[in-house]
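Student:
2 protein chains.
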Amino acid sequence: MAIAPQWEAALQAVQSPPAQRRPGRPRATGHPTDRYEAKRKAILDAAARLFTLRGYEATSVRDISREAGISQATLYHYTGSKPEILAAIHNLMADELLPRMNGILQSDLSPERKLAEYMRAEMELIERHPTYTAAMRHKRWLLPGAAQEMREKRDEADRILDAILQEGIDKGVFHPFNVKFARLAIMGMSNYIGTWFSPVGPSTIPEIADGFARILLQGLLSASPHR
Amino acid sequence: MAIAPQWEAALQAVQSPPAQRRPGRPRATGHPTDRYEAKRKAILDAAARLFTLRGYEATSVRDISREAGISQATLYHYTGSKPEILAAIHNLMADELLPRMNGILQSDLSPERKLAEYMRAEMELIERHPTYTAAMRHKRWLLPGAAQEMREKRDEADRILDAILQEGIDKGVFHPFNVKFARLAIMGMSNYIGTWFSPVGPSTIPEIADGFARILLQGLLSASPHR
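If you read the protein sequences in the order shown, they are chains A and B. Here the first sequence is numbered in my numbering, starting from 8 and rising by one per residue. Here the second sequence is numbered in my numbering, starting from 8 and rising by one per residue.
1. Does chain B have any CB closer than 7 Å to the CB of A/SER78?
2. Identify whether B/PHE58 lies in helix, strand or coil by the three-state DSSP scheme.
3. Short check: CB of B/THR86 to CB of B/ALA95, under 7 Å?
4. How should A/TYR125 be labelled, buried or exposed, when 16 other C-beta atoms within 10 angstroms of its C-beta is the threshold for buried?
5. What residues of chain B sit near A/GLN113, judged by a beta carbon separation below 8 Å?
6. Given a threshold of 16 other Cβ atoms within 10 Å of its Cβ, counted over all protein chains shown, does B/LEU168 qualify as buried or as exposed?
7. Can you find a CB in chain A that lies within less than 7 Å of the CB of B/ASN98?
8. May I ask which residues mark the beginning and end of the alpha helix (DSSP H) holding B/ALA128?
9. Mind checking if B/SER72 is an interface residue toward chain A, Cβ cutoff 7 Å exclusive?
10. For A/PHE184, which residues in chain B fall below 7 Å Cβ to Cβ?
11. Quick one: what does DSSP say A/LEU224 is sitting in, helix, strand or coil?
12. Which stretch, first to last residue, makes up the alpha helix (DSSP H) that contains A/PHE4?
13. Would the stretch 206 to 218 of chain B count as touching the stretch 180 to 189 of chain B if we require 3 or more Cβ pairs under 8 Å?
14. In the DSSP assignment, what are the bridge partners of B/PHE219?
15. If the cut-off is 8 Å on Cβ atoms, which residues from the stretch 37 to 61 of chain A count as contacting chain B, listed in chain order?
16. First and last residue of the alpha helix (DSSP H) that includes A/GLU163?
17. Within the same chain, show all residues whose beta-carbon is closer than 7 Å to that of A/ASP72, passing over the 5 residues directly before and after it, in chain order.
18. By Cβ distance, which residues of its chain are closer than 8 Å to B/PRO90, with the 5 residues on each side in sequence left out?
19. What separation, rounded to the nearest whole angstrom, lies between the Cα atoms of A/VAL180 and A/ALA216?
20. Can you tell me the Cβ-Cβ gap for B/ARG144 and B/ASP165, rounded? I've got them flagged as a contact below 8 Å.
21. For the alpha helix (DSSP H) holding A/SER210, just list the boundary residues, first then last.
22. Taking B/ALA220 and B/ALA123 to be in contact with their CB atoms under 8 Å, please state how far apart those CB atoms are, rounded to whole angstroms.
23. Please report the distance separating the alpha-carbon of B/PRO213 from that of B/ALA141.
24. List the residues of chain A that B/GLU119 touches, going by C-beta distances under 9 Å, in chain order.
25. Give every residue of the same chain whose Cβ lies closer than 7 Å to the Cβ of A/THR138, excluding the five residues on either side of it in the sequence, and list them in chain order.
26. Does the beta-carbon of A/ALA45 have 16 or more other beta-carbons within 10 angstroms, so that it is buried, or is it exposed?
27. Assuming the contact rule is C-beta atoms closer than 8 Å, B/LEU228 and A/LEU224 should be a hit. Round their C-beta distance to whole Å, please.
28. Taking B/ALA94 as the query, report the chain A residues whose CB atoms sit under 7 Å from its CB, ordered along the chain.
29. Leaving out five residues before and five after A/LEU116 in sequence, what residues of the same chain have Cβ atoms less than 7 Å from its Cβ?
30. Using a threshold of 7 Å, state whether the C-beta atoms of A/LYS160 and A/ALA101 are closer than that.
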């Protein structure tokens, strides 16, 4: 997925100088696991920025360690090799999205509201993590095990959406349609925003998600043969 | 836009050995302009393949000339620098698409049929030129003049789609909706197929385009508040 020019400009502007290392100073206090996760996240952020701006192949582990302001040895300790960094970026996205999607499916909301919330979840993830979204287009460089894991997580997200659509059909709220085509149409609408959405644009993500859901639910025709 | 794994496999399989140069042999007969265009197209094909498989930054003009089986000097004569090759790929796509889209807009078809045909035009272009589609995600490397030209062509395609949607609303065939949101939803549905469509899959592009158009036109709800 391409990144919108507006995001690119924002990215270029916010590229901070490498964090200063302070040898000899006492370490910051806090739970060790929190510190570990924060460091790991900082490395993934740096990698996602570089993958987005320069491309995956053109970015070296040395580039990432410089961007994150740490040594290569420290980087390997926290995140491992370049394909492992890419896998970690993918997993972070999936692990943020799937519990929310499962929660929507299992909620008491109406099928049409579940559909709108599902679309909003996808679109808000893209809004929150534009560089991670862009980095995910490099999925062909994942190692086989990580690629398999991502396919399974993608399949789970697909199953959740199909279940929401089927529930709507079974309850008579939706008319019968090709569930797979509908799922792919919905995924396209949601994911395409990564190419055009501007954080400073006239519409917010919740507004766009609701607008898309309304168009999708009601359709464009003012009269329809199936009703 | 990412390229579907099925297309990647096909691409890897069809990578032909460099065309043999036959110095001293008489040149093939035919109109010089045809020969010129065929040569140019062969270079663009080679470049699009490499941009897709390796990425734009990781591909050199030398790589492209080798893949096309010609010298770098010959390549420069036909297509120019790497950003100029990228611009030529973009233009070839736009120049194939825009006349067809304009023809659809100016035809006597109903608004709903025009919409379905517009979506089919987008999707068939992606089907015919998967590597060109994938190469277009590198548009950030276009030189300023070429980038401006592409923005204008993208704007023209947007104007055509907006005109089709507005015509449907004006004629009362469509109910009033946010035309910009609808256009972006339609673009997402159409363009996303580049990430999942398989040429050997169960559905053809015309079937998918018609299925998408039906879902979009009729909507998912079996009853709708605006009717």
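Don't be surprised by glycine CBs; every beta carbon is placed ideally from N, CA and C.
Tutor: Checking against the coordinates, here is how it stands:
1. Output row for A/SER78: interface = no.
2. Correct three-state label for B/PHE58: helix.
3. Yes. Within cutoff.
4. Burial call: buried.
5. The contacting residues do not exist; A/GLN113 stays about 20 Å from chain B at best.
6. When all chains shown are included, B/LEU168 counts as buried.
7. Chain A contact via Cβ: absent.
8. 118 to 135 is the span of the alpha helix (DSSP H), which, as asked, contains B/ALA128.
9. Cβ-Cβ to chain A under 7 Å: no for B/SER72.
10. Residues of chain B passing the Cβ test: ILE222, LEU227.
11. Helix, per DSSP.
12. In this structure chain A extends from 8 to 234, so residue 4 of chain A is not present and cannot be described.
13. No, because fewer than three Cβ pairs between the stretch 206 to 218 of chain B and the stretch 180 to 189 of chain B fall closer than 8 Å, the two stretches do not touch.
14. B/PHE219 is not bridged to any residue.
15. Cβ contacts with chain B: ARG61.
16. Segment 151 to 177, the alpha helix (DSSP H) holding A/GLU163.
17. Per the sequence presented here, residue 72 of chain A reads as Ser, with Asp not at that position. Cβ within range, chain order: SER78, GLN79, LEU82.
18. Spatial neighbours of B/PRO90 in its own chain (CB-CB distance under 8 Å, excluding positions within 5 residues in sequence) are listed in chain order as TRP148, LEU149, LEU150, ALA153.
19. Each residue's alpha carbon lies about 20 Å from the other.
20. About 18 Å; that fails the 8 Å criterion.
21. Counting along the chain, A/SER210 sits inside no alpha helix (DSSP H), nor does DSSP assign it H or E at all.
22. Correct: roughly 4 Å between the Cβ atoms.
23. So the alpha carbons of these two residues sit roughly 21 Å apart.
24. Those are LEU227, LEU228, listed as they occur along chain A.
25. Cβ neighbours of A/THR138 beyond the five flanking positions: LEU18, ALA55, ARG56, THR59.
26. Exposed, since its Cβ has fewer than 16 Cβ neighbours within 10 Å.
27. Taking the Cβ atoms as the reference, B/LEU228 lies roughly 5 Å from A/LEU224, within the contact range of under 8 Å.
28. Near B/ALA94 there are no residues of chain A at all, since even the closest Cβ is about 16 Å away, more than 7 Å.
29. Excluding its 5 nearest sequence neighbours in each direction, A/LEU116 has C-beta neighbours in its own chain below 7 Å: GLU124, listed in chain order.
30. A/LYS160 places its beta carbon less than 7 Å from that of A/ALA101.
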